[in-house]
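Chemist:
Residue numbers (our numbering): 52 to 248.
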């Protein structure tokens, strides 16, 4: 009886050690990536979010109401068959304002940029877009955050690049800057646009 108990303890100890070693390896790999992200991104970086990002997953079906009466809202079907950028923003989000000029530039370049307004008020979001410009082809109002949570996003702002099949190909947590646009977003859009649809 004591032999069985000792064997069970040894197996449990071995499992705990393996899980701890795996966790340490993940943290070490992620930790090695943080310096390459730049100080602003590294300061806000949560390695657990990297493992939870929905890259490679299909966008879940969704239907968001418009910010204003008569607006189009945003439906997952609206994105079908095109390469699109989806930006999650709110009027109360300071980093959203920081990245906003870069989204305006993308829209001026003809890139399909769609917005999801997250846990905001319609009045505040409309005033914010009136004040700073509206880069979005369509904006959906995610008042309670259900759609954004269903996609698997955490924190604001978040920017996704979705391919023609509705698969999330890139998630950018935090504010986009000019380097992110030039080095990551535009080359990815160009590559995805060139792929057979």
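Beta carbons: idealized from backbone N, C-alpha and C, even for Gly.
Would you call the CB atoms of residue 179 and residue 216 closer than 8 Å?
Modeler: Locating residue 179 in the chain shown gives position 128, where the first residue counts as 1. Locating residue 216 in the chain shown gives position 165, where the first residue counts as 1. No, the pair does not count as a contact, with Cβ atoms beyond the cut-off.
Chemist: Do you know how far the Cα of residue 245 is from the Cα of residue 238?
Modeler: As a working mapping, residue 238 is identified with position 187 in the chain shown. As a working mapping, residue 245 is identified with position 194 in the chain shown. Looking at the two C-alpha atoms, the distance is approximately 11 Å.
Chemist: Go through its chain and collect everything with a Cβ distance to residue 175's Cβ below 6 Å, but skip five positions before and after it.
Modeler: As a position in the chain shown, residue 175 is number 124, starting the count at 1. Excluding sequence neighbours, residue 175 sits near 142.
Chemist: What is the residue span of the beta strand (DSSP E) that residue 211 lies within?
Modeler: Here residue 211 corresponds to residue number 160 of the chain shown, with the count starting at 1. From DSSP, the beta strand (DSSP E) with residue 211 extends over 209-213.
Chemist: Taking only three categories from DSSP, how would you classify residue 238?
Modeler: Residue 238 sits at position 187 when you count from the first residue of the chain shown. Helix at residue 238.
Chemist: For residue 27, which beta-bridge partners are listed by DSSP?
Modeler: The requested residue 27 is not part of the displayed model; the chain covers only 52 to 248.
Chemist: Reducing DSSP to helix, strand and coil, say where residue 245 ends up.
Modeler: By one-based count along the chain shown, residue 245 stands at place 194. Reduced to three states, the DSSP call for residue 245 is helix.
Chemist: Alpha carbons only, please: which of 195, 162, 151 and 140 is nearest the one belonging to residue 134?
Modeler: Within the chain shown, residue 134 is the residue found at index 83, counting from 1. For the residues 195, 162, 151 and 140, the minimum Cα distance to residue 134 belongs to 162.
Chemist: Between the alpha carbons of residue 236 and residue 212, how many angstroms are there, rounded?
Modeler: Counted from its first residue, the chain shown places residue 236 at position 185. Counted from its first residue, the chain shown places residue 212 at position 161. Distance between the alpha carbons of residue 236 and residue 212: 8 Å.
Chemist: Tell me the residue span of the alpha helix (DSSP H) that contains residue 198.
Modeler: As a working note, residue 198 is residue 147 in the chain shown. Its alpha helix (DSSP H) spans residues 197-202.
Chemist: When DSSP labels each residue in this structure, what does residue 129 get in the three-state scheme?
Modeler: Looking up residue 129 in the chain shown gives position 78. Three-state result, residue 129: helix.
Chemist: If distances are taken between C-alpha atoms only, which option among 118, 105 and 111 comes closest to residue 194?
Modeler: Taking the first residue of the chain shown as 1, we reach residue 194 at position 143. Selected option, being the one with the closest Cα: 118.
Chemist: For residue 219, collect the residues of the same chain with a Cβ closer than 8 Å to its Cβ; drop the 5 residues on either side in sequence, then sort them by chain order.
Modeler: Here residue 219 refers to the residue found at position 168 when the chain shown is read from its first residue. Closer than 8 Å at the Cβ level, and outside the excluded window around residue 219, lie 105, 106, 107, 108, 109, 110, 202, 211, 212 and 213.
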